[in-house]
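Participant:
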Amino acid sequence: MDTTPPPDLWPSIDPLGEALHALRMSGVFCCRSEATAPWGVAMPPMAGCAMFHVVTEGQCWIETPDAPARRLRPGDFVLVPHGHGHRLVSEPGGHADDLFALPREFTSGRYEVLRFDGGGAACGLVCGAVKFEDPAARRLIALLPPMLWIEAGEAPWMQATLQHLAAEARQMRPGGEAVVTRLADILIIQAIRAWMAHDTTARTGWLGALQDRAIGAALAAIHRDPARDWTLVSLAATAAMSRSAFAARFTQLVGVPAMQYVAQWRMQVAHTRLAEHGGAIPEVAEGVGYQSEAAFSRAFKRHQGMAPGEVVRRARAAAQ
886 MDTTPPPDLW PSIDPLGEAL HALRMSGVFC CRSEATAPWG VAMPPMAGCA MFHVVTEGQC
946 WIETPDAPAR RLRPGDFVLV PHGHGHRLVS EPGGHADDLF ALPREFTSGR YEVLRFDGGG
1006 AACGLVCGAV KFEDPAARRL IALLPPMLWI EAGEAPWMQA TLQHLAAEAR QMRPGGEAVV
1066 TRLADILIIQ AIRAWMAHDT TARTGWLGAL QDRAIGAALA AIHRDPARDW TLVSLAATAA
1126 MSRSAFAARF TQLVGVPAMQ YVAQWRMQVA HTRLAEHGGA IPEVAEGVGY QSEAAFSRAF
1186 KRHQGMAPGE VVRRARAAAQ
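Position 114, counted from 1, in the sequence shown is what my numbering calls 999; the numbers after and before it change by one each time, with no gaps.
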C-alpha cells in the first residue's frame, strides 16, 4: 500500500507559521477612548475572548487581580489573552466604571467611541476584544501567559503598525473598521511571536512540537485535513521517519500518542464547527473522517462529555 501523502499534505516548511496563520480573528469589537483624568473603566471577564489595549496618547495604568498595577505609555501594547477581567485607570486604585454601564458613541456595529471628561491629563486608547474560531488558534492562545506586554522601546518593528492603528482609529475613513481589524490581527501575531522568541516555555510541549521539523510536519498535516484516514504509517511517512521512531518522538514532544492526538483533534474541530457555525451533524461527522453519524456521536460524547446535538442546542440558545 502506498503511504506517500498527496502534494497538499507534503511536509510543511513552517508548521508553526501555519498555526499562527490560523489566528484569523472573528467577532472583533474595537473601541477608541478619549479620556481626561480622573477616569477608569472596568473590563468585565469575556469568556473565549482575547482583549488588547494600545495607548496612543498620554498614559494610564492596567490593574489585574493577581498582579501589581503597570503603567502603559504611548506605543505600549498589552494583550490579555484569556478574557480575564481587569481595569484601566488614570491612577492606580482609582474609581472605575463598568464598561457596559458607560455611555458610548457607536460608529458601527463593531466599533465605538468612549469619552471621559475629568478635566485633567489626556489619554488616548484603542482597545479590542477578539475571538478565534480555528482550533489551532484556540490551542495556541490557551498556552499564553495571563498577559503579554510589549513596551514601546522593546519592539521597534511594532511601532509602525501601532501608529497606523492609532491613525485609523482617530480618522475612521471609509474602510477604517476593516483596516483596524487587520492591523489588530497583525499586532496580536507580532506579540505572540515576540513572546515565543523570549520565553523558554514556548519551546516545549505542543508549541515545541510544532517547531520540530518532523513532528511539526505531521501536526500541520493533521490540522489541515482532519478527515483523512490517518494511520501511524501515513503520519510517519509525512514526517519522513520510521514508524517506531515517529511514534516515540511524537509522544515525547506532544505528550500523547499520535493516533490519540488525531482523535482528540477531530473532536475539537467538530465541536468548533457545531458550536460556532451550527453545522449539520452528518456533515460535521464526515468533515472529520466519520462515515457513520452514530460512530461519530459516540466518539464525540466520549471526548467532549456531551452529545453533538447538545452542543448545537446550547449554541442556538446562546444566539437568541
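Beta carbons are placed, not taken as given, at the ideal position from N, Cα and C, and that holds for glycine.
Given the structure is predicted, the values throughout are model-derived calculations rather than measurements.
For residue 1020, which of helix, strand or coil comes out of DSSP?
Facilitator: Translated into the one-based positions of the sequence shown, residue 1020 becomes position 135. If DSSP states are grouped into helix, strand and coil, residue 1020 belongs with the helices.
Participant: So, under 8 Å CB-CB, residue 962 and residue 1026 are touching, yes? Tell me the CB distance rounded to an integer number of Å.
Facilitator: Mapped onto the sequence shown, residue 962 falls at position 77. Mapped onto the sequence shown, residue 1026 falls at position 141. With a Cβ gap of about 16 Å, residue 962 and residue 1026 do not count as contacting.
Participant: Please name the residue or residues paired with residue 1117 in a DSSP beta bridge.
Facilitator: Taking the sequence shown and counting its residues from 1, one reaches residue 1117 at position 232. Bridge partners of residue 1117: none, in fact.
Participant: Note down the Cα distance separating residue 1003 from residue 925, rounded to an integer number of angstroms.
Facilitator: Taking the sequence shown and counting its residues from 1, one reaches residue 1003 at position 118. Taking the sequence shown and counting its residues from 1, one reaches residue 925 at position 40. Each residue's Cα considered, the two are about 10 Å apart.
Participant: Leaving out five residues on either side along the sequence, give the residues of the same chain with a beta carbon under 6 Å from the beta carbon of residue 915.
Facilitator: Counting from one through the sequence shown, the residue named residue 915 turns up at place 30. Within the same chain, residue 915 has close Cβ partners 996, 1013, 1065.
Participant: Using only CA atoms, which one of 920, 1019, 966, 1032 lies nearest to residue 954?
Facilitator: The residue given as residue 954 occupies position 69 in the sequence shown. Cα-wise, what sits closest to residue 954 is 1032.
Participant: Tell me whether residue 1177 is buried or exposed, calling it buried when 16 or more other Cβ atoms sit within 10 Å of its Cβ.
Facilitator: Taking the sequence shown and counting its residues from 1, the one referred to as residue 1177 is at position 292. It counts as exposed.
Participant: Give me the Cα-Cα distance between residue 1196 and residue 1158, rounded to the nearest whole angstrom.
Facilitator: In the sequence shown, residue 1196 corresponds to position 311, counting from 1. In the sequence shown, residue 1158 corresponds to position 273, counting from 1. Going from the Cα of residue 1196 to the Cα of residue 1158 covers about 10 Å.
Participant: Taking the beta carbon of residue 941 as the centre, do at least 16 other beta carbons fall within 10 Å, making it buried, or is it exposed?
Facilitator: Taking the sequence shown and counting its residues from 1, one reaches residue 941 at position 56. It is buried - the Cβ of residue 941 has at least 16 other Cβ atoms within 10 Å.
Participant: Under a three-way DSSP split, which group does residue 905 fall into?
Facilitator: What you label residue 905 is simply residue 20 of the sequence shown in a count that begins at 1. DSSP places residue 905 in helix when its eight states are reduced to three.
Participant: Report the partner residues of residue 971 according to the DSSP bridge assignment.
Facilitator: Translated into the one-based positions of the sequence shown, residue 971 becomes position 86. Answer is 928.
Participant: Taking residue 1149 as the reference, give the member of 1029, 1119, 1127, 1190 with the closest Cα.
Facilitator: As a working mapping, residue 1149 is identified with position 264 in the sequence shown. It is 1190 whose Cα lies nearest to the Cα of residue 1149.
Participant: In or out: residue 985 buried (at least 16 other Cβ within 10 Å) or exposed?
Facilitator: Taking the sequence shown and counting its residues from 1, one reaches residue 985 at position 100. Exposed, by the Cβ-count rule.
Participant: Judging by CA-CA distance, which residue of 933, 1175, 937, 1024 is the nearest neighbour of residue 1071?
Facilitator: Mapped onto the sequence shown, residue 1071 falls at position 186. Ranking the options by Cα distance to residue 1071, first place goes to 937.
Participant: Would you mind sorting residue 1099 into buried or exposed? The rule is 16 or more other CB atoms within 10 Å of its CB.
Facilitator: Position 214 of the sequence shown, counted from the first residue, corresponds to residue 1099. Its Cβ being crowded by 16 or more others within 10 Å, residue 1099 is buried.
Participant: Please report the straight-line C-alpha distance between residue 902 and residue 917, rounded to a whole angstrom.
Facilitator: Here the question's residue 902 lines up with position 17 in the sequence shown. Here the question's residue 917 lines up with position 32 in the sequence shown. Rounded to whole angstroms, residue 902 to residue 917 spans 31 Å at the Cα level.
Participant: Helix, strand or coil: which one does DSSP assign to residue 953?
Facilitator: The residue labelled residue 953 in the question sits at position 68 within the sequence shown. Residue 953: strand per DSSP, three-state reduction.
Participant: Taking the beta strand (DSSP E) that residue 1000 falls in, what are its first and last residues?
Facilitator: Taking the first residue of the sequence shown as 1, we reach residue 1000 at position 115. It spans 996-1002 - the beta strand (DSSP E) in which residue 1000 sits, taken as one unbroken run.
Participant: Among 1174, 1043, 1154, whose alpha-carbon lies nearest the alpha-carbon of residue 1018?
Facilitator: In the sequence shown, the residue the question calls residue 1018 occupies position 133. Minimum Cα distance to residue 1018 is reached at 1154.
Participant: What is the rounded straight-line gap between the Cα of residue 922 and the Cα of residue 976?
Facilitator: As a position in the sequence shown, residue 922 is number 37, starting the count at 1. As a position in the sequence shown, residue 976 is number 91, starting the count at 1. So the alpha carbons of these two residues sit roughly 8 Å apart.
Participant: Quickly, what does DSSP pair residue 917 with across the bridge? List them, please.
Facilitator: Start at 1 with the first residue of the sequence shown, and residue 917 comes out as number 32. 998, 1011, per the DSSP bridge assignment.
Participant: How close, in whole Å, do the beta carbons of residue 1143 and residue 1117 come, if the pair is a contact with beta carbons under 8 Å?
Facilitator: Counting from one through the sequence shown, the residue named residue 1143 turns up at place 258. Counting from one through the sequence shown, the residue named residue 1117 turns up at place 232. Indeed they touch by this definition, with Cβ atoms about 6 Å apart.
Participant: Can you name the start and end residues of the alpha helix (DSSP H) that residue 938 belongs to?
Facilitator: Here residue 938 refers to the residue found at position 53 of the sequence shown. Run containing residue 938: none in the alpha helix (DSSP H); it sits in the beta strand (DSSP E), 935-942.
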